[in-house]
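Residue numbers (the numbering used here): 275 to 570.
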């Protein structure tokens with residue numbers, strides 16, 4: 275069954291009375307939060323399982339709006355950081371699923387690695403590259419864990435081939451009511467997944483680095499220009515999501531039509547066609563019957 279796209283125009287009465295606050299899952303907002311070195315250090319340290327105080331410096335590198343194709347309007351807003359030891363980290367907040375997500379992520383991680391070297395350089399100039407993907411959709415089908423970390427390892431012995439490439443995936447929809455272990459990464463995940471100010475405030479009270487992000491979140495939410503840019507980005511994401519949804523819906527509709535016509539050509543009785551529609555397209559009886567009447 276095709277799920278309708280996410281929308282933000284339906285609000286409860288409580289939400290209407292609450293002051294406006296941006297959502298970190300919108301990549302524009304996430305990138306604004308990462309402009310703070312303290313917030314950056316806190317989030318990166320949570321992913322790398324280290325004390326933020328041990329991170330001497332993080333330098334925010336310039337990134338442009340990355341597009342998969344020349345005619346693509348949405349593009350990708352990512353955050354590129356260089357650590358004090360020259361390790362490069364790319365952080366990306368992604369609200370929409372992409373086809374071939376794993377290939378795409380691996381491509382950009384490898385590109386970050388190979389872009390370090392130019393003609394005449396030795397390979398010893400290459401430094402570690404870390405790709406961090408924070409996803410507002412479920413991606414890994416083989417686990418209910420909300421956080422996964424990948425390295426290059428030998429299949430049988432599990433020995434590390436190289437630590438120069440590292441991929442982190444955080445899947446926000448899998449958080450649910452997860453409470454253990456109560457660590458910094460879980461606190462950050464809950465903050466980034468927050469929907470109301472009380473959600474953000476709760477995590478901010480537990481973590482000084484999250485509190486830094488929370489203060490920035492309140493400030494940019496109160497800034498008219500920032501709000502305009504945020505809402506423009508949110509609309510672009512929503513429009514893109516709707517286009518994908520309609521394309522899938524039209525493709526599904528076309529498939530159902532062909533399915534019914536093919537079965538009629540084979541002499542299949544109507545009752546059997548309706549039953550097959552239910553099974554093959556995950557339809558209830560009434561929907562399957564309506565499709566049959568429409569395309570018979």
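Where is the CB? At the ideal position from N, CA and C, for every residue including glycine. Remember, predicted model here, so these are calculated numbers, not experimental data.
What are the start and end residues of the alpha helix (DSSP H) that includes residue i?
i: residue 413; result: Note, residue 413: premise wrong, no alpha helix (DSSP H); not H, not E.
i: residue 438; result: Not the alpha helix (DSSP H): residue 438 falls in the beta strand (DSSP E), residues 434-445.
i: residue 487; result: 482-495
i: residue 473; result: 471-478
i: residue 465; result: 458-466
i: residue 564; result: 559-569
What did DSSP end up calling residue i once you bin it into helix, strand or coil?
i: residue 367; result: strand
i: residue 540; result: coil
i: residue 526; result: helix
i: residue 423; result: strand
i: residue 310; result: coil
i: residue 344; result: Reliability of the predicted coordinates at residue 344 is poor, the pLDDT of 42 falling under 50, and the value obtained from them is presented with this limitation in mind. Reduced to three states, the DSSP call for residue 344 is coil.
i: residue 318; result: helix
i: residue 300; result: coil
i: residue 402; result: coil
i: residue 532; result: helix
i: residue 330; result: coil
i: residue 392; result: coil
i: residue 430; result: coil
i: residue 380; result: helix
i: residue 551; result: helix
8 Å is my cut-off, CB to CB: does residue i come that close to chain C?
i: residue 413; result: No chain C is present in this structure, which holds just one protein chain.
Within the same chain, show all residues whose beta-carbon is closer than 6 Å to that of residue i, passing over the 5 residues directly before and after it, in chain order.
i: residue 471; result: 295
i: residue 390; result: 400
i: residue 333; result: 356
i: residue 410; result: 299, 369, 446
i: residue 424; result: 441
i: residue 293; result: none
i: residue 438; result: 402
i: residue 654; result: A query on residue 654 cannot be resolved here, the shown segment of the chain reaching from 275 to 570 and no further.
i: residue 468; result: 474
i: residue 500; result: 494
Which first and last residues belong to the beta strand (DSSP E) in which residue i is found?
i: residue 352; result: 352-357
Going by beta carbon distance, what residues of the same chain come within less than 8 Å of residue i, once the five residues before and after it are set aside?
i: residue 558; result: 552
i: residue 310; result: 486, 487, 490
i: residue 544; result: 566, 570
i: residue 319; result: 325, 326, 328, 329, 458, 483
i: residue 530; result: 551, 555, 565, 569
i: residue 534; result: 547, 551, 565, 566, 569, 570
i: residue 538; result: 547, 570
i: residue 560; result: none
i: residue 542; result: 550
i: residue 346; result: For residue 346, the pLDDT reaches just 44, beneath the cut-off of 50, and the residue's location in the model is therefore unreliable, although a value from the coordinates is still provided. Nothing listed; no residue qualifies.
For residue i, which option in the options has the closest C-alpha, if you only look at C-alpha atoms?
i: residue 307; options: 377, 494, 422; result: 494
i: residue 446; options: 370, 302, 564, 530; result: 370
i: residue 415; options: 388, 406, 443; result: 443
i: residue 549; options: 465, 323, 525, 562; result: 562
i: residue 397; options: 405, 388, 404, 375; result: 388
i: residue 405; options: 321, 419, 331; result: 321
i: residue 361; options: 395, 462, 331, 473; result: 331
i: residue 313; options: 429, 392, 520, 478; result: 478
i: residue 358; options: 392, 315, 512, 511; result: 315
i: residue 454; options: 500, 420, 524, 428; result: 420
i: residue 452; options: 532, 497, 418; result: 418
i: residue 367; options: 297, 496, 501, 422; result: 297
i: residue 460; options: 408, 385, 392, 395; result: 408
i: residue 481; options: 428, 395, 374, 456; result: 456
Using a 10 Å radius around the Cβ and a threshold of 16 neighbouring Cβ atoms, would you call residue i buried or exposed?
i: residue 504; result: buried
i: residue 434; result: exposed
i: residue 304; result: buried
i: residue 496; result: exposed
Just to confirm my understanding: we take residue i, look at its own chain, exclude 5 residues before and 5 after, and list those with CB closer than 7 Å. What are they?
i: residue 412; result: 445, 447, 448
i: residue 302; result: 351, 503, 504, 507
i: residue 372; result: 378
i: residue 436; result: 426
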